Amino acid sequence: MLRLASVDLDRACTAPEVRTEETTMAEHRQPLSGLAATCVLLAGLASASSTEARVTRIVIDSTSAVTGQVIAYETVRGRAFGELDPADAHNAVITDLQLGRDADGKVRYETTFTLTKPVDMSLASGFLWHDVPNRGGNIIINVIERNLGDIGLASGWQADNAGATAIPTVHSTGTNHWVQVPMARENGQLVTGKVLARIINRSGVPSQPLNVMGNPVPYLPATLDTTQAVLTTHTKETVNGQISVGNVIPSSQWAFARCTATT
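Residue numbers (the working numbering): 1 to 263.
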């Protein structure tokens, strides 16, 4: 979905090949420019209208050396800024995209990426591994691929998984990948709904974060009024997800708060 207006398709792509299901991994390890799928992708990008999705800016937050392989490698971490047009039929598959529009009608986002590549790109194999991380976990291609000169790219795709209680301002370390997207609004009002989050009730501490998929819940409460929420205890849960529900905690006995190490 990147905008590549300067691509010369005649020189960038060869004629698509017919491949059988017996195609081997060795045959797949050819330069990207020779892959039929890439040719189809580039052709679609070049023919897209000005309303297409595109990356408008890339910021590099850090560059660090990678050791263990025979070729000198580096990891480049940063963020990509992009925009989408809800009026473009290609974007219709994105649920409620129109609810995130800016004043000009576009929807803008920010996503993290980690690029692992040879320092000397003339040593690159031309093969790119693009990983879509599970729950935002950081991925670096292993030494086998690095010894071959392969390039690894991991990028964020989950807007509800910053891995922290706030969206980071940079992506300079190997922390979780994330996407920052607009708050959904309808007729100028924030769209709200019920969210299920969990608390690990450890003893000796006065507060705990609400967790979703192992990370702090990514949504702020629509109201701090605890009578509008329900807090229940779970006495046990089986490996099949069967939960034994305990007592409901009265709303007067707990509160939402912004907690720190001292409060």
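Glycine included, every Cβ here is placed at the ideal spot set by N, Cα and C. These numbers were taken from a predicted model, which means no experiment stands behind them.
- Please classify Phe256: is it buried, with 16 or more other beta-carbons within 10 angstroms of its beta-carbon, or exposed? Locating residue 256 in the sequence shown gives position 256, counting from the first residue. Exposed.
- Task: Could you pull out every residue in the same chain whose Cβ sits closer than 7 Å to the Cβ of Gly100, ignoring the five residues on either side in sequence?
- Result: Reading the sequence shown from its first residue, position 100 is the one you call residue 100. So the list reads Val107, Val181, Pro182, Ala184, once near-sequence residues are dropped.
- Answer yes or no: do Val245 and Thr232 have a C-beta to C-beta separation smaller than 7 Å? Taking the sequence shown and counting its residues from 1, the one referred to as residue 245 is at position 245. Taking the sequence shown and counting its residues from 1, the one referred to as residue 232 is at position 232. Yes.
- Query: Using the C-alpha atoms, what's the distance from Ile243 back to Lys236?
  - Reply: The sequence position of residue 236 within the sequence shown is 236, counting from 1. The sequence position of residue 243 within the sequence shown is 243, counting from 1. Cα-Cα distance, rounded: 6 Å.
- Write down every uninterrupted run of the beta strand (DSSP E) in the segment 65-118 whose length is 3 residues or greater and which is fully enclosed by it, in chain order. 73-84, 107-118
- Going by CA-CA distance only, name the one from Ala72, Ile71, Arg77 that's closest to Ile60. Your numbering for residue 60 matches position 60 in the sequence shown. Of the candidates Ala72, Ile71, Arg77, the one whose C-alpha sits nearest the C-alpha of Ile60 is Arg77.
- Are there 16 or more other CB atoms within 10 angstroms of the CB of Leu84, so buried, or fewer, so exposed? Locating residue 84 in the sequence shown gives position 84, where the first residue counts as 1. Its Cβ being crowded by 16 or more others within 10 Å, Leu84 is buried.
- Task: Can you tell me which of Val70, His130, Glu186 puts its alpha carbon nearest to the alpha carbon of Ile144?
- Result: Position 144 of the sequence shown, counted from the first residue, corresponds to residue 144. Of Val70, His130, Glu186, the residue nearest in Cα terms is Val70.
- Message: Can you tell me where the beta strand (DSSP E) holding Asn247 begins and where it ends?
- Response: By 1-based counting over the sequence shown, the position of residue 247 is 247. Looking at the DSSP string, the run of the beta strand (DSSP E) that includes Asn247 is 243-249.
- Query: How big is the Cα-Cα spacing for Ile151 and Phe127?
  - Reply: Taking the sequence shown and counting its residues from 1, the one referred to as residue 151 is at position 151. Taking the sequence shown and counting its residues from 1, the one referred to as residue 127 is at position 127. Each residue's Cα considered, the two are about 6 Å apart.
- Query: For the alpha helix (DSSP H) that contains Ile151, what are its first and last residues?
  - Reply: For the purposes of this step, residue 151 is taken as residue 151 along the sequence shown, with counting starting at 1. Looking at the DSSP string, Ile151 is not in any alpha helix (DSSP H); the run it does join, the beta strand (DSSP E), is 151-155.
- Task: Give the DSSP bridge partners of Pro182, in chain order.
- Result: Position 182 of the sequence shown, counted from the first residue, corresponds to residue 182. Looking at the DSSP assignment, Pro182 forms no beta bridge with any residue, so it has no partner.
- Please go through the same chain and pick out, in chain order, the residues whose beta-carbon is closer than 7 Å to the beta-carbon of Asp10, but skip the five residues on each side of it. Looking up residue 10 in the sequence shown gives position 10. Legend: pLDDT at Asp10 = 34, less than 50; position of this residue unreliable, value from coordinates given subsequently. There are no such residues.
- Among Trp157, Asn142, Arg146, Met121, the one whose alpha carbon lies nearest that of Asn134: As a working note, residue 134 is residue 134 in the sequence shown. Comparing Cα-Cα distances from Asn134 to each of Trp157, Asn142, Arg146, Met121, the minimum goes to Trp157.
- Task: Would you please state the rounded distance, in angstroms, between the beta carbons of Gly105 and Ser125? I believe it to be under 8 Å.
- Result: As a working note, residue 105 is residue 105 in the sequence shown. As a working note, residue 125 is residue 125 in the sequence shown. With a Cβ gap of about 41 Å, Gly105 and Ser125 do not count as contacting.
- Task: Determine the extent of the alpha helix (DSSP H) in which Val132 is found, giving its start and end residues.
- Result: Locating residue 132 in the sequence shown gives position 132, where the first residue counts as 1. Note, Val132: premise wrong, no alpha helix (DSSP H); not H, not E.
- Message: Once the 5 residues before and after Val217 are set aside, which same chain residues still bring their CB inside 8 Å of it?
- Response: Within the sequence shown, numbered from 1, the residue matching residue 217 stands at position 217. Val195, Ala197, Pro209, Leu210, Asn211.
- Message: What does the alpha-carbon distance come out to for the pair Tyr109 and Pro168?
- Response: Here residue 109 refers to the residue found at position 109 when the sequence shown is read from its first residue. Here residue 168 refers to the residue found at position 168 when the sequence shown is read from its first residue. Rounded to the nearest angstrom, the two C-alpha atoms are 14 Å apart.
- Task: Could you pull out every residue in the same chain whose Cβ sits closer than 6 Å to the Cβ of Ile58, ignoring the five residues on either side in sequence?
- Result: Taking the sequence shown and counting its residues from 1, one reaches residue 58 at position 58. Hits under 6 Å: Ala80.
- Message: So, at 8 Å on beta carbons, what are the nonlocal neighbours of Asn201 in its own chain, with the 5 sequence-adjacent residues on each side left out?
- Response: One-based indexing of the sequence shown puts residue 201 at position 201. Closer than 8 Å at the Cβ level, and outside the excluded window around Asn201, lie Gln208, Thr233.
- Query: Can you give the Cα-Cα distance for Glu186 and Tyr219, rounded to whole angstroms?
  - Reply: Translated into the one-based positions of the sequence shown, residue 186 becomes position 186. Translated into the one-based positions of the sequence shown, residue 219 becomes position 219. Their backbone Cα atoms lie some 17 Å apart in a straight line.
- Task: Name the two residues that bound the continuous alpha helix (DSSP H) containing Val143.
- Result: In the sequence shown, counting from the first residue as 1, residue 143 sits at position 143. Residues 143-147.
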